[in-house]
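Reviewing the structure listed below.
Numbering (UniProt numbering), first residue to last: 1 to 958.
Here it is, written out as structure tokens:
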């Protein structure tokens with residue numbers, strides 16, 4: 001019987017749906033395992049062969065753990081909001097929901113063909129109201145919360161860092177004002193001071209404006225990446241070299257009033273949580289650097305000849321003696337205040353230049369730029385004036401937006417000083433002040449003395465502590481822990497996103513009642529910003545909130561008494577993807593994001609698989625969101641993802657044809673020469689060709705002529721009738737025509753072959769090149785596996801397993817059982833190939849061996865495994881079989897083969913008992929008749945035995 005993979009895969013995909021094989025329910029009799037893939041965005045291009053890599057890896061693990069007896073949750077859904085669908089809507093007028101639905105349908109068809117064990121009954125889509133209701137709900141809870149290290153209420157027994165009700169803070173202000181608030185470690189945007197009397201005298205608006213400074217979800221002025229052509233704020237990863245990734249439009253830095261989330265309040269907990277999860281050290285280090293914890297001091301510098309001052313943060317307070325200039329971030333409010341009239345034009349031009357640069361560009365670019373403000377600051381330790389400069393290498397969002405520059409002990413300060421001719425003052429004995437070396441950690445402090453403070457003779461560590469103590473005692477500043485992590489900008493000027501459940505009364509935001517959620521996205525007739533620059537929701541006619549009826553009404557009814565305007569911004573992409581893992585646990589629950597019973601059973605994700613591109617943004621925001629929900633008592637685990645695996649990238653194998661430019665010019669039509677003939681041509685241009693019309697580097701010439709109109713009359717110079725293409729390994733990209741559609745692979749070889757091949761390419765975590773030429777090997781293996789079973793099923797003789805067959809099988813069981821938890825799938829597949837070869841050579845036809853083999857291959861190639869399991873007599877689905885245990889006794893050798901050599905030349909082999917001692921081996925060899933042939937007339941000088949390998953008889957003359 002032939003291996004008809006098309007019929008087999010179609011049969012089992014239908015049966016899995018019919019029998020609900022992958023449906024999962026909470027079963028307290030079983031141990032739970034939650035496997036999750038990072039939320040995919042369904043693009044119009046569909047999947048290429050690189051996309052399923054992580055899905056296949058997690059699917060193998062999920063199937064393996066189910067066979068081990070775990071109750072496995074392996075869901076899938078779609079991060080369905082986003083800019084691409086909206087831009088397509090602007091260009092075509094088609095509603096983004098329709099585009100998204102089409103893309104999702106395409107994704108689903110492709111995913112189904114690959115045989116994943118997803119429980120599709122738990123599918124979620126972020127664009128559906130029953131999903132984003134809970135995103136809106138979480139935002140409302142953040143708006144109604146503040147963060148503090150201790151409870152402000154004497155009746156609250158939870159004296160630990162967490163989010164708390166904003167009502168608790170308002171009550172504190174009613175009784176105390178801000179007096180003593182600093183003891184509680186309350187997170188805020190700005191340190192405020194007021195009395196209880198002042199608070200109680202303020203009207204509602206003034207009180208709400210004050211509370212906004214403390215809310216976890218708050219409105220604040222912040223610098224954003226603004227793209228006027230797209231009419232929206234862009235995230236850093238949506239901007240490259242000052243233009244938008246989508247469309248290539250100019251992007252500038254702009255200060256806007258935006259919704260923000262106070263992620264910075266959770267910085268220490270985000271840092272501490274990394275000690276509790278099973279992630280790679282490199283990924284943890286990336287997160288630690290992004291969070292950026294540093295201990296130091298905030299120090300106040302007065303401005304010369306002015307009543308103004310500003311604060312800087314430094315981890316090296318002892319180096320204030322080496323300050324030779326100050327630097328302000330170009331977007332700092334201090335710039336306009338401290339720029340003198342003589343410098344104003346130059347400063348304004350420089351600030352305009354920086355507005356076109358993203359923070360990412362500014363951080364990565366080594367180019368030195370800056371401008372002098374015209375003002376000077378007074379060094380509080382030396383009383384010396386130092387010039388105040390403005391430069392893009394200082395960011396307003398980190399620290400205070402101003403730095404003291406110590407060029408002798410900081411590489412960027414040094415480069416700036418060298419470029420602008422500013423002085424460099426070394427402070428440490430023996431310091432190598434050069435562009436390559438900065439001794440900022442060790443040594444003895446010198447040249448660090450003033451009438452106020454002397455650090456001479458101290459170690460750097462002691463000097464830092466002494467300086468911080470002095471700064472604090474003299475009222476020059478305070479000791480502080482700082483974090484690089486900043487609050488997340490949470491507004492987007494787009495249509496296709498989650499609406500904010502917010503209306504505005506007296507220009508202050510208020511939440512609609514919780515029972516009125518979800519606030520659904522309204523219909524609009526245009527997806528561009530309005531003519532007066534409002535976000536696209538400004539086009540909505542039915543977009544105002546009636547507080548009497550608690551309903552959405554027409555905007556024309558706004559009277560700012562009972563009917564108020566609704567928020568026009570929408571939430572960003574990460575809003576819907578931050579807590580989706582919780583919704584998978586209980587997706588049909590209309591009363592809660594996740595029910596208590598489901599949450600306590602599934603708890604958190606045991607294995608999370610996704611790309612390294614999410615090492616900061618998504619993982620930081622998702623961890624923050626989950627910690628907030630943990631504070632709210634919604635999530636029972638503070639860390640959402642226990643173990644995380646980053647799959648590598650599958651790179652494309654590009655193909656090239658070679659145009660002979662001289663022959664093309666002479667003949668008036670394209671002339672292409674084969675790879676090994678191009679060296680005979682003087683002027684050749686390589687051209688990318690669609691890899692889907694190339695097979696084993698041989699071009700389908702007819703398909704190539706049909707591919708592009710300009711090649712329809714092309715001429716080809718071939719080798720033995722074949723046109724051989726060149727190749728290179730490059731990023732898989734549509735522009736390089738090296739994108740391989742998995743549908744084509746599945747049609748030609750089958751999904752099981754594709755699954756095996758993607759895992760066989762190399763370790764899951766590593767990037768590796770795709771080469772369709774190598775897929776035949778995996779397909780031949782599956783055919784060989786099929787034939788092995790076919791022979792066993794049709795065998796008429798005895799079927800008892802031999803010890804050789806059991807040894808081959810149990811070696812495989814041991815190898816695969818060890819490899820799968822380590823994600824060493826490529827070595828598992830090699831072990832399968834070896835085992836099948838051995839069993840074929842042994843002519844094994846034992847049905848129990850075959851049953852076990854079908855279970856072992858099931859996680860990797862589920863379709864063929866199901867078919868073989870059924871054919872060999874297995875009951876039910878192979879998914880519900882029990883994973884086999886290996887037995888060492890089958891791998892223990894009862895005998896061994898050893899070579900016998902004479903004077904180092906191997907002559908024959910002999911079999912010995914595995915536990916035979918050297919004396920027995922020596923006597924057995926001497927008494928063998930073959931030995932007589934080689935020792936005749938010679939004396940045995942000595943016998944050398946290499947355990948379990950060789951017996952060497954050394955001979956000499958008589």
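Backbone N, C-alpha and C fix where the C-beta goes; we use that ideal spot for every residue, glycine too.
How would you label residue 970, buried or exposed, when you count the other beta carbons within 10 angstroms and need 16 or more for buried?
Limits of the chain in this structure are 1 at one end and 958 at the other, which puts residue 970 out of reach.
Rounded to whole angstroms, what's the CA-CA distance from residue 728 to residue 900? Just pull it up for me.
Pairing residue 728 with residue 900, the inter-Cα distance amounts to about 50 angstroms.
Is residue 18 helix, strand or coil when you go by DSSP?
helix
With which residues is residue 695 paired in a DSSP beta bridge?
698
Excluding five sequence neighbours on each side, which residues of the same chain lie with their C-beta closer than 6 angstroms to the C-beta of residue 441?
Residue confidence is low: residue 441 scores 47 on pLDDT, short of 50, so the model does not pin down where it sits. Its coordinate-derived value is still stated next. Hits under 6 angstroms: none found.
Neighbour-count burial assignment, residue 147, 16 or more Cβ in a 10 Å radius
buried
Using 8 angstroms as the threshold, is the region 367-375 in touch with the region 266-285, meaning 3 or more CB pairs across them?
no
So, for residue 554: in the same chain, excluding its five sequence neighbours on each side, which residues have a beta-carbon less than 7 angstroms away from its beta-carbon?
So the list reads 541, 542 and 544, once near-sequence residues are dropped.
Beta strand (DSSP E) segment containing residue 221, residue limits
217-227
Using the DSSP secondary-structure output, state which residues sit across from residue 614 in a beta bridge.
Answer by DSSP bridge pairing: none, since residue 614 is not bridged.
Start-end ranges of the beta strand (DSSP E) lying completely within the region 20-54, minimum 3 residues:
32-37
Could you check the C-alpha separation between residue 135 and residue 174 for me, to the nearest Å?
32 angstroms
Which one of 2, 49 and 38 has the shortest CA to CA distance from residue 733?
49
For residue 842, collect the residues of the same chain with a Cβ closer than 6 angstroms to its Cβ; drop the 5 residues on either side in sequence, then sort them by chain order.
804 and 805
Counting beta carbon pairs with one atom in the region 563-578 and one in the region 99-107, are three or more of them shorter than 8 angstroms?
no
Quick one: grab the DSSP three-state call for residue 309.
strand
DSSP three-state assignment for residue 543, whether helix, strand or coil:
coil
Under a three-way DSSP split, which group does residue 632 fall into?
Secondary structure of residue 632 (DSSP, three-state): coil.
Could you tell me the distance, in whole angstroms, from the CA atom of residue 439 to the CA atom of residue 321?
Interpretation of residue 439 is limited by its pLDDT of 49, a score under 50 that renders its predicted location unreliable; the figure taken from the coordinates is listed afterwards. About 16 angstroms.
So is residue 375 buried or exposed if we call it buried at 16+ other beta carbons inside 10 Å?
With 16 or more other Cβ atoms inside 10 Å of its own Cβ, residue 375 counts as buried.
State the Cα-Cα distance for the pair residue 537 and residue 523, rounded to the nearest angstrom.
9 angstroms
Cβ shell of residue 141 (< 7 angstroms), same chain only, five flanking positions each side left out:
632
Going by DSSP in three states, residue 500 sits in which element: helix, strand or coil?
In this structure, residue 500 counts as coil in the three-state DSSP scheme.
Spatial distance of residue 402 from residue 418 (CA atoms):
20 angstroms
Indicate the three-state DSSP secondary structure (helix, strand or coil) for residue 70 in the structure shown.
coil
State the DSSP-derived secondary structure class of residue 779, mapped to helix, strand or coil.
helix
Assuming the contact rule is C-beta atoms closer than 8 angstroms, residue 960 and residue 470 should be a hit. Round their C-beta distance to whole Å, please.
In this structure the chain extends from 1 to 958, so residue 960 is not present and cannot be described.
Distance, Cα to Cα, residue 443 vs residue 425?
No answer about residue 443 holds up, because its pLDDT of 49 lies below 50 and its placement is not dependable.
For residue 410 and residue 427, what's the separation of their Cα atoms in angstroms?
Cα-Cα distance, rounded: 12 angstroms.
Residue 478, buried or exposed, once every other Cβ within 10 Å from all chains shown has been counted against 16:
exposed
On the DSSP bridge assignment, give the partners of residue 492 in chain order.
570
Ordered list of alpha helix (DSSP H) runs contained in the region 258-295, each at least 4 residues:
With a minimum length of 4 residues, the continuous alpha helix (DSSP H) runs that stay inside the region 258-295 are 267-273 and 281-291.
Buried or exposed, going by whether 16 or more other CB atoms sit within 10 Å of the CB of residue 650?
buried
By the DSSP assignment, the alpha helix (DSSP H) with residue 76 in it spans what residues?
That residue, residue 76, is in no alpha helix (DSSP H); it is neither H nor E in DSSP.
The beta strand (DSSP E) enclosing residue 565, as first and last residue numbers
563-565
Could you tell me the distance, in whole angstroms, from the CA atom of residue 231 to the CA atom of residue 504?
Between the alpha carbons of residue 231 and residue 504 lies a gap of roughly 22 angstroms.
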